[in-house]
Amino acid sequence: MTATVAPPPQPTQTRRVVFPFTAIVGQEEMKLALLLNAIDPKIGGVMIMGDRGTGKSTTIRALAELLPEIEIVENDPFNSDPKDPDLMSDELRTAMAEGKTFATIRKKVSMIDLPLGATEDRVCGTIDIEKALSEGVKAFEPGLLAKANRGILYVDEVNLLDDHLVDVLLDSAASGWNTVEREGISIRHPARFVLVGSGNPEEGELRPQLLDRFGMHAEIHTVKEPALRVKIVEQRSQFDGEPHAFCDQYQGEQDALQEKLVSAQHRLKNVAIDYDLRVNISEVCSELDVDGLRGDIVTNRAAKALAAFEGREEVTVDDIRRVVVLSLRHRLRKDPLESIDSGYKVSKAFNRVFGIAEE
512 MTATVAPPPQ PTQTRRVVFP FTAIVGQEEM KLALLLNAID PKIGGVMIMG DRGTGKSTTI
572 RALAELLPEI EIVENDPFNS DPKDPDLMSD ELRTAMAEGK TFATIRKKVS MIDLPLGATE
632 DRVCGTIDIE KALSEGVKAF EPGLLAKANR GILYVDEVNL LDDHLVDVLL DSAASGWNTV
692 EREGISIRHP ARFVLVGSGN PEEGELRPQL LDRFGMHAEI HTVKEPALRV KIVEQRSQFD
752 GEPHAFCDQY QGEQDALQEK LVSAQHRLKN VAIDYDLRVN ISEVCSELDV DGLRGDIVTN
812 RAAKALAAFE GREEVTVDDI RRVVVLSLRH RLRKDPLESI DSGYKVSKAF NRVFGIAEE
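Quick note, the sequence shown lines up with residues 512 to 870 if you use our numbering.
Pasting the structure below:
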């Protein structure tokens, strides 16, 4: 009689283990900006500027892992939403209008890394002209913008990226669509993603007109407190040694935060902001001499997202206070001789307009 050998235990998780978002210590400004953009992608993304080795990439990957799964049309290269025509490719929308049905699957939110050396074809996609002419079909090879639809597009060292590519990314992020045209053939597909850029100010600043296109701007600095630094080092050592066990410790917190995000996304459409508060926001922007109206729009959207995140349907002055610096500091005209921090200037203007005493 031969003994039956039990099959080896199957791994409980085949995806790469990611450091939990709820385990990240400090950097509250960056975490808040990312969460608000996850609730309302129309805020316009986040530019994160800060020192090297401060956990920028780790935090962004952790956010992608935290977000709930989305429903997509199976085998669709654009992660099309089977229920929202605005998040479908033109071909799929036409097919559904004709009464065709498609199988759907659920998948994790995509987090696409844009390499610095990427070409425009790699980012936007390419059209095979030869195939289009010989076979009469629109032969399209999707790029990174297609893969990023309904997900997160992360550009590390965005200040080193070619300005033309940055323009392409920001245009797609703002419009929600990517259009590729070549030799009279045009392909359009949805490209609704949260654009996250990061960089180190020592390696060069973004042009003001490009910086203004990012919805929010978070500044992060190296943690100074020795006790916190020790905690971060210990956490990283535990995660590297036993990643699954470490993640299990935070699973309850992760699930609770994910549920809070989903509730906020549903609540967002019901959140209202009082007219007087909107007037005050615009007065702050006017006093700071902010060009255009993006600052007003983003501050309103971010305050509503924050209220939704905290389970409320009415924006408060405190909501505005917590998002106004993130929404406006990068839109101020810079005086090269001025040493005052732009965040301080925004806070000062906010306190003056809203009648809040200086601390």
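The C-beta atom is built at its ideal place from N, Cα and C for all residues, glycine as well.
Where residue i sits in the DSSP three-state scheme
i	result
S686	helix
G636	strand
I698	strand
L706	strand
L848	Here the model assigns L848 a pLDDT of 46, short of 50, so the residue's position is not dependable, and the following value carries that caveat. DSSP places L848 in coil when its eight states are reduced to three.
T615	strand
L779	helix
A818	helix
I554	helix
M622	strand
H728	strand
L627	coil
V679	helix
V666	strand
R604	helix
First through last residue of the alpha helix (DSSP H) which encompasses residue i
i	result
P754	P754 to Q760
V795	Y786 to E798
S838	V828 to L839
G564	Unbroken run through G564: none, as it is neither H nor E.
D802	No alpha helix (DSSP H) contains D802, which DSSP labels as neither H nor E.
Exposed unless 16 or more other CB atoms sit within 10 angstroms - verdict on residue i
i	result
H841	buried
Y877	The chain is shown from 512 up to 870; residue 877 falls before or after that span and cannot be answered.
I867	exposed
A684	buried
P701	buried
L848	Confidence is the limiting factor: at L848 the pLDDT is only 46, short of 50, which leaves the residue's position unreliable, though a coordinate-based value still follows. Exposed, by the Cβ-count rule.
H728	buried
M512	Low confidence applies to M512: its pLDDT is 45, below 50, so where it sits in the model is not reliable, and the reading given next is rough at best. Classification of M512: exposed, given that the 10 Å Cβ count is below 16.
A860	buried
E540	buried
L546	buried
Enclosing beta strand (DSSP E) for residue i [first to last residue]
i	result
F532	Segment: none, F532 is in no beta strand (DSSP E) and carries neither H nor E.
E652	F651 to P653
Residue-level contact to chain D via CB, residue i, 8 Å cutoff
i	result
G564	Absence of chain D from the displayed structure is noted, only one protein chain being present.
Anticipated Cβ contact below 8 Å, residue i with residue j, distance rounded
i	j	result
G854	F725	15 Å between Cβ atoms; not a contact.
R705	N548	Looking at the sequence shown, residue 705 is not Arg but Val. Rounded, the Cβ-Cβ distance is 5 Å, consistent with contact.
Using a Cβ distance threshold of 8 Å, determine whether the region 798-815 contacts the region 759-770, with at least three qualifying pairs required.
no
Three-pair Cβ contact test at 8 Å for the region 557-575 versus the region 586-597:
no
How do the region 762-779 and the region 565-581 stand: do at least 3 beta-carbon pairs fall below 8 Å, yes or no?
yes
Measuring CB atoms only, is the region 611-624 touching the region 708-724, in the sense that at least three cross pairs come out at less than 8 Å?
no
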